[in-house]
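*Asks:* In my numbering, the protein residues as written are 988 to 1078.
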């Protein structure tokens, strides 16, 4: 938060802030409240915390050394269009 504030952004009362996400954890919601006005609108499309039944989720353990190779292998096998969205964990 300190690094963002150091950028010299206008105050939350002098700007419009839009936040888009497929998921909003409680931690993210609490953090966002620091940057948005108190009278914000929280818009949900579909059921909150619901999963899309059209999306299959598979969990596969792969060592760090082979993750990129396995990703490319899966893309070659399954990619049916030129577009793909990949979610990764960030620190």
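All C-beta atoms, glycine included, are put in the ideal place defined by N, C-alpha and C.
Which residues bound the alpha helix (DSSP H) around residue 991?
*Replies:* 989–992
*Asks:* Residue 1004 to residue 1018, Cα distance in whole Å?
*Replies:* A direct Cα-to-Cα measurement between residue 1004 and residue 1018 gives close to 13 Å.
*Asks:* Taking the alpha carbon of residue 1031 as the point to measure from, which residue in 1011, 998 and 1050 has its own alpha carbon closest?
*Replies:* In this structure, 1011 is the residue among 1011, 998 and 1050 with its C-alpha nearest to the C-alpha of residue 1031.
*Asks:* Taking residue 1023 and residue 999 to be in contact with their CB atoms under 8 Å, please state how far apart those CB atoms are, rounded to whole angstroms.
*Replies:* Contact annotation, residue 1023 with residue 999: C-beta distance approximately 6 Å; criterion of less than 8 Å satisfied.
*Asks:* Determine, using beta carbons only, whether residue 988 and residue 1021 come nearer to each other than 8 Å.
*Replies:* yes
*Asks:* Does DSSP put residue 1059 in a helix, a strand or coil?
*Replies:* helix
*Asks:* Quick check: the Cα distance between residue 1076 and residue 1063, rounded to an integer number of angstroms?
*Replies:* Rounded to whole angstroms, the gap between the alpha carbons of residue 1076 and residue 1063 is 22 Å.
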